[in-house]
Ligand code: 9MR
């Protein structure tokens, strides 16, 4: 089972040897998670490096036909240490007609990952979508052998290269019942178990995942349906190693406040969890805060292996109109990028991808740094944008009956309700381009443990 232990990585975030893994300690992880954003000189400055320092990977979906674009590749290679093929390892791409496999685009992606020392996630073996029509025309016994043959052929080709496979994807309805796919119709409930058993035999060292969307809210029927299947598999010894949470969020389906609970409850079954297709519709500070929240939820669960965002740049996103990713269409890092980097404990970052702006801007991100029985400490990192700034202000809103009982490293003023604190620099507010400072405060919970809301950052 050693190969299924999440791998720690070197400083660039590339996978490390097992000896290095053994040398890493849990204590180091906890300590480094808590000093995030403090701006130390040694802080990692890319997503992959920062994630690696937390014992995680930070990946992206990649499209083979973009690998010729230099800015795309430069951003990919600089920031990420794991790749998922966005479409190239799906059934219609790999076996468009029965028995005839085409690995050319998938190989391009796998070769790129290998040349860069990146991990590779396999997506996906059994899915009702992007399924060639010939599969839907098969009777039960032919479908069974086609499914098992597809799993075996593909997994054996990428044996030793794909660390985690999405063996079955999106097999549940919103109400928690099984999706009425061709696999379900012809093979019945047992097909998922059969797919996982076949997958284990095909590559005993790959981590086998069930992957789905809208499984983020703990009390939601679909989440419960998947949970019950995983619980049953684990209790009966059906080989399953991880659950993937796609995490396609938007305003109608935001990151739930109990996300950490959902991830932890699955992990407590004895499987690893991975955020597999993260993207969040929106822009600016509100998008940044949600991204930071997802990272914090993953870091809070020791069995959360890592995070994959569903694309490098907004312009090639499957829902580009939602601008849901970390880099804009010119490969400039967005506030969401800095929020992710800081939540991972890194700072600076963004490379030389963008053109840069001339005006004074700043971003803020929040991290809880300590908690006691009655209160917690919050820390806000204020970061200058592409130009130096000489002042900044932002707001922190707590939720009644919470009260802020102390602050440090800033000069606060309050609204009449006492719930909205506007924080400005203590003395001079000079920050060089990309540089950061922090301020902190203590919140008396009074029974309410909600995360305080940050307003946007205003620079001068
Ligand atoms: O991003 C993928 C897009 O390019 C494809 O057109 C689409 C076709 O179904 O699949 C997208 O990726 C999906 C992923 O494979 C499974 N979860 C939902 C993703 C977004 O639709």
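Residue numbers (mature numbering (1 follows the signal peptide of the UniProt record, and there is no 0)): -43 to -1, 1 to 417.
Where a beta carbon is used, it is the ideal one built from N, C-alpha and C, also for glycine.
Run through DSSP, which three-state label would residue i get?
i: residue 170; result: coil
i: residue 58; result: coil
i: residue 149; result: helix
i: residue 235; result: strand
i: residue 14; result: strand
i: residue 339; result: strand
i: residue 360; result: strand
i: residue 401; result: strand
i: residue 96; result: coil
i: residue 88; result: coil
i: residue 292; result: helix
i: residue 276; result: coil
i: residue 329; result: coil
i: residue 3; result: coil
i: residue -40; result: Reliability of the predicted coordinates at residue -40 is poor, the pLDDT of 42 falling under 50, and no value is obtained from them.
i: residue 324; result: strand
i: residue 258; result: coil
i: residue 195; result: coil
i: residue 334; result: strand
i: residue 72; result: helix
i: residue 176; result: coil
i: residue 27; result: helix
Between the Cα of residue i and the Cα atoms of the options, which residue gives the shortest distance?
i: residue 110; options: 152, 225, 142; result: 152
i: residue 281; options: 192, 267, 288; result: 267
i: residue 158; options: 112, 172, 134, 132; result: 112
i: residue 60; options: 45, 54, 72, 70; result: 45
i: residue 419; options: 80, 352, 386; result: Outside the modelled stretch of the chain, which goes from -43 to 417, sits residue 419, for which no answer is possible.
i: residue 165; options: 147, 273, 121; result: 121
i: residue 182; options: 324, 216, 223; result: 223
i: residue 459; options: 328, 62, 238, 232; result: With the chain running from -43 to 417 in the structure shown, residue 459 is simply not present.
i: residue 241; options: 403, 363, 290, 256; result: 290
i: residue 275; options: 150, 379, 43; result: 43
i: residue 86; options: 296, 103, 140; result: 140
i: residue 104; options: 51, 173, 302; result: 51
i: residue 287; options: 410, 304, 308; result: 308
i: residue 171; options: 192, 160, 201; result: 201
i: residue 271; options: 332, 284, 33; result: 284
i: residue 78; options: 118, 126, 161, 358; result: 118
i: residue 416; options: 337, 319, 225, 366; result: 319
i: residue 380; options: 408, 337, 405; result: 337
i: residue 169; options: 125, 188, 138; result: 125
i: residue 138; options: 95, 163, 16; result: 95
i: residue 359; options: 366, 410, 396; result: 410
May I ask you to list the residues that DSSP assigns as paired with residue i?
i: residue 126; result: 168
i: residue 411; result: 353
i: residue 378; result: 353, 371
i: residue 135; result: 129
i: residue 40; result: 17, 77
i: residue 101; result: Per DSSP, none; premise fails for residue 101.
i: residue 201; result: 168, 231
i: residue 319; result: 341
i: residue 264; result: 15, 232
i: residue 243; result: DSSP lists no partner for residue 243.
i: residue 365; result: 397
i: residue 270; result: 284
i: residue 346; result: 388
i: residue 416; result: 349
i: residue 206; result: 237
When we look at the beta-carbon of residue i and count the other beta-carbons within 10 Å, is it buried (16 or more) or exposed?
i: residue 246; result: buried
i: residue 74; result: exposed
i: residue 67; result: buried
i: residue 70; result: buried
i: residue 339; result: buried
i: residue -18; result: Note on residue -18: pLDDT 33, under 50, position unreliable in the model; no value is reported.
i: residue 9; result: buried
i: residue 239; result: buried
i: residue 293; result: buried
i: residue 296; result: buried
i: residue 362; result: exposed
i: residue 185; result: exposed
i: residue 349; result: buried
i: residue 370; result: exposed
i: residue 38; result: buried
i: residue 48; result: buried
i: residue 189; result: exposed
i: residue 116; result: exposed
i: residue 382; result: buried
For residue i, is the beta carbon positioned less than 8 Å from some heavy atom of the ligand GDP?
i: residue 159; result: Inclusion of the ligand GDP in the displayed structure is not the case, the ligand content consisting of the ligand 9MR alone.
Within 9 Å of any Cβ in chain C, is that where the Cβ of residue i sits?
i: residue 302; result: Looking at the structure shown, chain C is missing, and only one protein chain is on hand.
Review point. Residues with a Cβ closer than 7 Å to any heavy atom of the ligand 9MR, in chain order?
Key: Look at which beta carbons fall closer than 7 Å to any heavy atom of the ligand 9MR; those residues are 18, 43, 44, 47, 80, 81, 86, 87, 126, 127, 170, 203, 205, 234, 267, 275.
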